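K.L.:
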Amino acid sequence: MTTVDTPLRVGPVRLALRQGGLELRQFLRSRESVVFTMGFPVIMILIFAAIFNDEIAPGVSYTQYFITGMIATGLMTVSFQNLGIWIPIERDRGVLKRLRGTPMPKWVYFAGKVIMVVVIGIAETALLLAVSVALFDLHLPATLGKWLTFGWVSVLGIAACTLCGIAFSSLARTARSGSAVVTPVALVLQFISGVFFVFTSLPGWMQQVAAIFPLKWMCQGLRSVFLPESFGTQEPGGSFELGRVALVLVAWCVIGLVLCLTTFRWTTKRDG
Numbered sequence: 001m002t003t004v005d006t007p008l009r010v011g012p013v014r015l016a017l018r019q020g021g022l023e024l025r026q027f028l029r030s031r032e033s034v035v036f037t038m039g040f041p042v043i044m045i046l047i048f049a050a051i052f053n054d055e056i057a058p059g060v061s062y063t064q065y066f067i068t069g070m071i072a073t074g075l076m077t078v079s080f081q082n083l084g085i086w087i088p089i090e091r092d093r094g095v096l097k098r099l100r101g102t103p104m105p106k107w108v109y110f111a112g113k114v115i116m117v118v119v120i121g122i123a124e125t126a127l128l129l130a131v132s133v134a135l136f137d138l139h140l141p142a143t144l145g146k147w148l149t150f151g152w153v154s155v156l157g158i159a160a161c162t163l164c165g166i167a168f169s170s171l172a173r174t175a176r177s178g179s180a181v182v183t184p185v186a187l188v189l190q191f192i193s194g195v196f197f198v199f200t201s202l203p204g205w206m207q208q209v210a211a212i213f214p215l216k217w218m219c220q221g222l223r224s225v226f227l228p229e230s231f232g233t234q235e236p237g238g239s240f241e242l243g244r245v246a247l248v249l250v251a252w253c254v255i256g257l258v259l260c261l262t263t264f265r266w267t268t269k270r271d272g
């Protein structure tokens, strides 16, 4: 006689992994999401590299600078933008309402989202690095310290963007409005955070606005990993300010968590 696993019998780790696997399968079945999330950053690198081939500082090409921003924006896309679009779709279709009525603990749903974001984020970053090394002579970090910086900037950045994406998903009233609400915000942040342009070439007021949000600090932290130490003098603060990078990203993790706990909705307004 066989027994059937239920959410009450299965351990929490196994539950989270099951939900994460389900989220990954759903993501991979959506061709639009896969192409946009995985392909867009690579396509942008190829386009910008073909257009700009000059140096922005001694030993730093525009392409090398741009790659760091695309890694950061890729992490934001898979977390903030992806969750901000897909959670409203699931809410509008009644998926979240049904999940809330099952014995499965609510946290498992979010754990599955986090696992999906982390796996896709790692895959996307690896793809970007591989393309950049193969085609644009990107030099990977040569020291353990650089790799550790790359790790904590990426982890804090994707954590902040994931929490903000979950919270931001509550602004969309319907499934169709998710993309319309999230995409403009993501694009504006990319333009003002030093992704498409050298950050210090932007107007001062724009730099100040960008400094409020995580993406600017993710880009700055990654520049400290992939660009020469001497480039730190070109930053607005005269250095890469890694302490401030960590402080701002941790602050946004806290803000995002508070917003998730206070604003997340399992049902649409019409469901009550």
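Numbered by the UniProt record's numbering, the letters in the sequence shown go through residues 1 to 272 in order. All residues carry an ideal CB built from backbone N, CA and C; glycine is no exception. Please read all numbers here as calculations on a predicted model, not as lab measurements.
Report all residues from its chain with a CB closer than 7 Å to the CB of Gly157; omit the five preceding and five following residues, and keep chain order.
P.N.:
Ala72, Leu75, Pro214, Met218, Leu249
K.L.:
Which term fits Asp92, buried or exposed, when burial requires 16 or more other beta carbons within 10 angstroms of its beta carbon?
P.N.:
buried
K.L.:
By the three-class DSSP mapping on this structure, what secondary structure does Val60 have?
P.N.:
strand
K.L.:
Can you tell me whether Glu55 is helix, strand or coil according to DSSP?
P.N.:
strand
K.L.:
Compute the distance between the beta-carbons of Leu247 and Val153, then report whether it is under 8 Å.
P.N.:
No, the Cβ-Cβ distance between Leu247 and Val153 is not below 8 Å.
K.L.:
Flag Phe240 as yes if its beta-carbon sits less than 8 Å from any beta-carbon of chain B, otherwise no.
P.N.:
Looking for chain B here will not work: only one protein chain is present.
K.L.:
Could you tell me whether the Cβ atoms of Leu83 and Ser30 are closer together than 8 Å?
P.N.:
no
K.L.:
Buried or exposed: where does Ala130 fall if 16 or more other Cβ atoms within 10 Å of its Cβ makes it buried?
P.N.:
exposed
K.L.:
Considering Val209, what are the terminal residues of the alpha helix (DSSP H) in which it resides?
P.N.:
That run of the alpha helix (DSSP H) goes 204–210.
K.L.:
Quick one: is Thr262 buried, meaning 16 or more other Cβ sit within 10 Å of its Cβ, or exposed?
P.N.:
Exposed.
K.L.:
So what's Gly94 in DSSP terms, helix, strand or just coil?
P.N.:
coil
K.L.:
Since residue 291 and Phe136 should fall inside the 8 Å C-beta cutoff, what is the C-beta to C-beta distance between them, to a whole number of angstroms?
P.N.:
Residue 291 is absent from the model: the chain starts at 1 and stops at 272.
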